[in-house]
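A quick write-up on the structure given underneath.
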Amino acid sequence: MNNSYDNKNIFSKILRSEIDCEKILENEHALAFLDINPQAPIHILIIPKNKYIDFYDFTQNGSAQEIKYFWELVNDVIKNKNISDSGFRLITNSGKDGNQDVPHFHVHLLGGKNLGRMIN
Ligand code: 5GP
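Each number in our numbering comes from the position in the sequence shown (counting from 1) with 596 added on.
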């Protein structure tokens, strides 16, 4: 585990069931739930269940199984929302320059409309 992981971040509270979320799907190593402030008709967050700060931490330190289960869940949510044909966008913000607000690795899955070339 990364020593600088902040156990008080909001997603770690969701994982400990200290606060609620609107769950979409989960598997052994990952959880998908609705973003509280959606930026598109479909805006789902996918997070690993273990403590990783950001994409770099997860890909450097996550086990092969955790990484596999994480991307499988992303794929399952895409299937569940039936957006493989219409398309979608995956975003992961990291650190200061990426404007990451919650320091627990997460991927935003956005879709349900044409998202334009980029999100500002
Ligand atoms: P970041 O800027 O870190 O990439 O994105 C954090 C995301 O978490 C934001 O899109 C924000 O709306 C979402 N968020 C913040 N607090 C909560 C919460 O308590 N519950 C849920 N479901 N989403 C949250």
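All C-beta atoms in this analysis are idealised placements derived from N, C-alpha and C, irrespective of residue type, glycine included.
Computed from a predicted structure; not experimentally measured.
Query: Do the stretch 694-712 and the stretch 633-642 make contact, defined as three or more Cβ pairs closer than 8 Å?; Result: yes
Query: Measure the alpha-carbon distance for F666 versus A626 and round it to whole angstroms.; Result: 5 Å
Query: Can we count N605 as close to the ligand 5GP, meaning its CB is less than 7 Å from some heavy atom?; Result: no
Query: Is V673 near the ligand 5GP, in the sense that its beta carbon is under 7 Å from a heavy atom of that ligand?; Result: no
Query: Can you give me the Cβ contacts of S690 inside the same chain, cut-off strictly under 7 Å, excluding the 5 residues immediately before and after it?; Result: D650, F651, Y652, Q696
Query: Below 7 Å, is the gap between the Cβ of V698 and the nearest heavy atom of the ligand 5GP?; Result: yes
Query: Report the option in S659, E662, I606 whose CA atom is closest to the CA atom of D616.; Result: I606
Query: Helix, strand or coil: how does DSSP classify I663 here?; Result: helix
Query: So what does DSSP say about E624, is it helix, strand or coil?; Result: coil
Query: Excluding the 5 residues preceding and the 5 following V673 in the sequence, name in chain order all residues of the same chain whose CB lies nearer than 7 Å to its CB.; Result: I620, L621, A628, I640, I642, L705
Query: List the DSSP bridge partners of I687.; Result: H704
Query: Buried or exposed: which applies to I632, given that a residue is buried once 16 or more other Cβ atoms fall within 10 Å of its Cβ?; Result: exposed
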